[in-house]
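Comments concern the structure below.
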Amino acid sequence: MSDAAKASPYRIYWVTWAILLVITVLMLAAEKFHMPRWFLVIFLLAFMMTKATMIGGNFMHLAHEHPRMSFMVAGGILVTSLILFGYIAPESWHVHDSARQLFGTPAAAEH
Amino acid sequence: MTDGTHAATLEAHWAGGVSPFGASWQKTMMWIFIVTDGLLFSGLLCGYGYLRMASLVPWPQQSEVFSIPFIALMTFILITSSASMGSAVGAARLGDLKTAGRFLLVTILFGASFLGCQAYEWTHLIRDGARLSGALPGSELAHLGVPVQFPMCFFLLTGFHGSHVLSGLVILIITAIRNSIGKTPPQGVELAGLYWHFVDLVWVFIFTLFYLL
Chain A
333 MSDAAKASPY RIYWVTWAIL LVITVLMLAA EKFHMPRWFL VIFLLAFMMT
383 KATMIGGNFM HLAHEHPRMS FMVAGGILVT SLILFGYIAP ESWHVHDSAR
433 QLFGTPAAAE H
Chain B
40 MTDGTHAATL EAHWAGGVSP FGASWQKTMM WIFIVTDGLL FSGLLCGYGY
90 LRMASLVPWP QQSEVFSIPF IALMTFILIT SSASMGSAVG AARLGDLKTA
140 GRFLLVTILF GASFLGCQAY EWTHLIRDGA RLSGALPGSE LAHLGVPVQF
190 PMCFFLLTGF HGSHVLSGLV ILIITAIRNS IGKTPPQGVE LAGLYWHFVD
240 LVWVFIFTLF YLL
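So the protein sequences, as listed, match chains A and B.
Each number in our numbering comes from the position in the first sequence (counting from 1) with 332 added on.
Each number in our numbering comes from the position in the second sequence (counting from 1) with 39 added on.
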């Protein structure tokens, strides 16, 4: 354990807490600025990943675990999720387009 | 190949001996559990993405259905509980059981508050006409024109997360009781903490992907 950690073992958790809160407020405030949708999506996803990294790294101590452990956890979940999403996203667009051709735009969509 | 050479070859290949992840078996098993549970939520979130993108009816503006400041309050509660849980782990590592117990109690209180908020949110949405199979005809939600998939995604995502919060609370209460009688080793608090932080981590994704995007 480092000297700093011995002096205040709680500091890292509350500093992380403060940063997470600031990021959350920024994410909530982002909607108020009328930025393009694609930019908002990238902005929110980037901050979401930043928050996840901070929770995993500092709260769950993945930053201090053996690199193999960090790779197994973060790599395993991320890669599997991306593959899964990569397969189903084109399928969902296909279903959406097919349904629109068959049924047209529903009344609710016109509101 | 002699036994010695075989062992040396294995060690060079595996390079971790009996502890390839540099952690105890309890911690390694907890991490493997977290990975599998993470994949469950990954599947649920991808399923939500599929339903949302395939929906012909546009997804509603979340602020029309939910009180976003209230969801922000829930996020604040969960993040704060995570920080106090981290502090409990820090105190347990230093052998300060009393402080660890206090932080555990704070975490339990915040966790219970989060569940209370979730119960309130569910009640509110059910009163507005949300059902697992869609919005009730003539209800407030039906007037908003929400797609059938919307309430279903809400109940599944927040329901699974809420059940994890509930089981996390049970684990924390057991850990706190055992800690108060000096029966929980520091690693026990750390393992309970890992699960609790995972619950917080999942909420980060649900909060962004379901409530904000």
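Glycine included, every Cβ here is placed at the ideal spot set by N, Cα and C.
Which chain B residues are close to residue i, counting only those with a beta carbon under 9 Å from its beta carbon?
i	result
Phe-371(A)	Per Cβ cutoff of 9 Å: no residues; Phe-371(A) is ~13 Å from chain B at best.
Can you name the residues of chain B whose CB is closer than 7 Å to the CB of residue i?
i	result
Val-383(A)	The question names Val, yet the displayed sequence has Lys at residue 383(A). Going along chain B in sequence order, the residues near Lys-383(A) (Cβ under 7 Å) are Val-243.
Phe-320(A)	This structure cannot settle anything about residue 320(A), because the visible part of chain A is limited to 333 through 443.
Ala-431(A)	Leu-95
Ile-374(A)	Ordered by position in chain B, no residue passes the 7 Å Cβ test against Ile-374(A), which lies about 11 Å from the chain.
Met-380(A)	Val-243, Phe-244, Thr-247
Among the options, whose alpha-carbon lies nearest the alpha-carbon of residue i?
i	options	result
Leu-352(A)	Gly-389(A), Arg-369(A), Ala-431(A), Lys-364(A)	Gly-389(A)
Leu-251(B)	Phe-375(A), Tyr-342(A), Trp-425(A), Ser-402(A)	Phe-375(A)
Asp-76(B)	Ser-106(B), Leu-233(B), Ser-172(B)	Leu-233(B)
Phe-80(B)	Leu-248(B), Phe-246(B), Val-241(B), Val-128(B)	Val-241(B)
Ser-413(A)	Glu-160(B), Val-74(B), Ser-172(B)	Val-74(B)
Ala-421(A)	Ser-126(B), Pro-224(B), Leu-84(B), Leu-117(B)	Leu-84(B)
Met-404(A)	Pro-99(B), Leu-78(B), His-182(B)	Leu-78(B)
Thr-382(A)	Thr-348(A), His-428(A), Ile-415(A), Gly-407(A)	Thr-348(A)
Ile-387(A)	Trp-70(B), Phe-109(B), Ser-121(B), Ile-220(B)	Ser-121(B)
Pro-341(A)	Trp-235(B), Met-124(B), Thr-67(B)	Met-124(B)
Ile-107(B)	Ala-431(A), Ala-361(A), Ala-406(A)	Ala-361(A)
Phe-237(B)	Gly-436(A), Ile-409(A), Ser-424(A)	Ile-409(A)
Gln-65(B)	Ser-219(B), Ile-118(B), Pro-224(B)	Pro-224(B)
Phe-379(A)	Pro-399(A), Ala-395(A), Thr-356(A)	Thr-356(A)
Arg-132(B)	Asn-218(B), Ala-181(B), Phe-246(B)	Asn-218(B)
Trp-161(B)	Phe-109(B), Ser-58(B), Ser-126(B)	Phe-109(B)
Taking C-beta pairs closer than 8 Å, name the residues in chain B that residue i reaches, listed in chain order.
i	result
Phe-435(A)	Leu-95
His-428(A)	Met-92, Ala-93, Ser-94, Leu-95
Met-367(A)	Within chain B, no residue comes near Met-367(A); the closest Cβ sits about 13 Å away, beyond 8 Å.
Ala-361(A)	Simply none; closest approach about 10 Å.
Using the Cβ count rule (16 or more neighbours within 10 Å means buried), how would you classify residue i?
i	result
Phe-244(B)	buried
Lys-364(A)	exposed
His-443(A)	The predicted position of His-443(A) is uncertain, since its pLDDT is 41 and thus under 50; no value can be drawn from it.
Tyr-345(A)	buried
Met-333(A)	Confidence at Met-333(A) is low in this model, with a pLDDT of 49, below 50, so the placement of that residue is unreliable and no value is reported for it.
Glu-18(B)	Outside the shown range of chain B, which is 40 to 252, sits residue 18(B), and nothing can be said about it.
Ile-213(B)	exposed
His-393(A)	buried
Tyr-159(B)	exposed
Glu-397(A)	buried
His-203(B)	buried
Phe-391(A)	buried
Leu-164(B)	buried
Leu-90(B)	buried
Asp-429(A)	exposed
Leu-377(A)	exposed
Ala-169(B)	buried
His-200(B)	buried
Tyr-419(A)	exposed
Trp-425(A)	exposed
Pro-399(A)	exposed
Ala-350(A)	exposed
Gly-177(B)	exposed
Ala-174(B)	buried
Ile-220(B)	exposed
Met-359(A)	buried
Gly-129(B)	buried
At 7 Å on the CB atoms, spell out the chain A contacts of residue i, in chain order.
i	result
His-236(B)	Ile-387, Phe-391, Met-392
Ile-147(B)	The premise fails here: Ile-147(B) is roughly 17 Å from chain A at the closest Cβ pair, so nothing lies under 7 Å.
Gly-125(B)	Tyr-345, Phe-391
Gly-177(B)	By Cβ distance, chain A contributes nothing, its closest Cβ being about 15 Å from Gly-177(B), past 7 Å.
Could you work out which residues of chain A lie near residue i, taking near to mean beta carbons separated by less than 8 Å?
i	result
Val-74(B)	Met-404, Val-405, Gly-408, Ile-409
Ile-118(B)	Trp-349, Leu-352, Leu-353, Thr-356
Gly-61(B)	Glu-397, His-398, Arg-400, Met-401
Gly-82(B)	Leu-416
Leu-233(B)	Met-392
Asp-239(B)	Ile-387, Phe-391
Phe-253(B)	This structure cannot speak to residue 253(B), because chain B is shown only from 40 to 252.
Val-70(B)	A small fix is needed here, since residue 70(B) is Trp in this sequence, not Val. Going along chain A in sequence order, the residues near Trp-70(B) (Cβ under 8 Å) are Met-401, Met-404, Val-405.
Ala-215(B)	Simply none; closest approach about 18 Å.
Leu-180(B)	Going along chain A, no residue has its Cβ under 8 Å from Leu-180(B), so there is no contact; the nearest lies around 12 Å.
Gly-207(B)	The contacting residues do not exist; Gly-207(B) stays about 14 Å from chain A at best.
Using a cut-off of 9 Å between C-beta atoms, extract the partners of residue i located in chain A.
i	result
Phe-189(B)	Within chain A, no residue comes near Phe-189(B); the closest Cβ sits about 11 Å away, beyond 9 Å.
Could you tell me which chain E residues have their CB closer than 9 Å to the CB of residue i, listed as they occur along the chain?
i	result
Ser-121(B)	Judged by its chain identifiers, the structure shown contains no chain E, and its protein chains are A and B.
Stretch-stretch touch, CB-based, cutoff 8 Å, three pairs: the stretch 143 to 159 of chain B with the stretch 110 to 123 of chain B: Per the Cβ contact rule, the stretch 143 to 159 of chain B is in contact with the stretch 110 to 123 of chain B (3 or more Cβ pairs under 8 Å).
contact_flag[the stretch 360 to 371 of chain A, the stretch 199 to 209 of chain B] where n(CB pairs < 8 Å) is 3 or more: Taking 8 Å as the limit for Cβ pairs, the verdict is that the stretch 199 to 209 of chain B does not touch the stretch 360 to 371 of chain A.
Cβ pair count under 8 Å reaching 3, the stretch 131 to 143 of chain B against the stretch 214 to 228 of chain B: Counting Cβ pairs under 8 Å, three or more are found: they touch.
The stretch 170 to 187 of chain B / the stretch 87 to 98 of chain B touching (three or more Cβ pairs under 8 Å): At 8 Å Cβ cutoff, the stretches touch.
Sequence ranges, alpha helix (DSSP H) only - wholly within the stretch 211 to 248 of chain B, length at least 4: Here the runs fully enclosed are 225 to 245.
At least three beta-carbon pairs within less than 8 Å, the stretch 193 to 200 of chain B to the stretch 124 to 139 of chain B: At 8 Å Cβ cutoff, the stretches do not touch.
Secondary structure, beta strand (DSSP E): runs of 3+ residues fully inside the stretch 374 to 442 of chain A: Within the stretch 374 to 442 of chain A, no complete beta strand (DSSP E) run reaches 3 residues.
Within the stretch 88 to 164 of chain B, ranges of the alpha helix (DSSP H) (whole runs, at least 4 residues): DSSP runs (the alpha helix (DSSP H)) wholly in the stretch 88 to 164 of chain B: 101 to 104, 107 to 132.
4 or more residues per run - each alpha helix (DSSP H) lying fully within the stretch 336 to 366 of chain A: Segments of the alpha helix (DSSP H) lying fully in the stretch 336 to 366 of chain A: 343 to 362.
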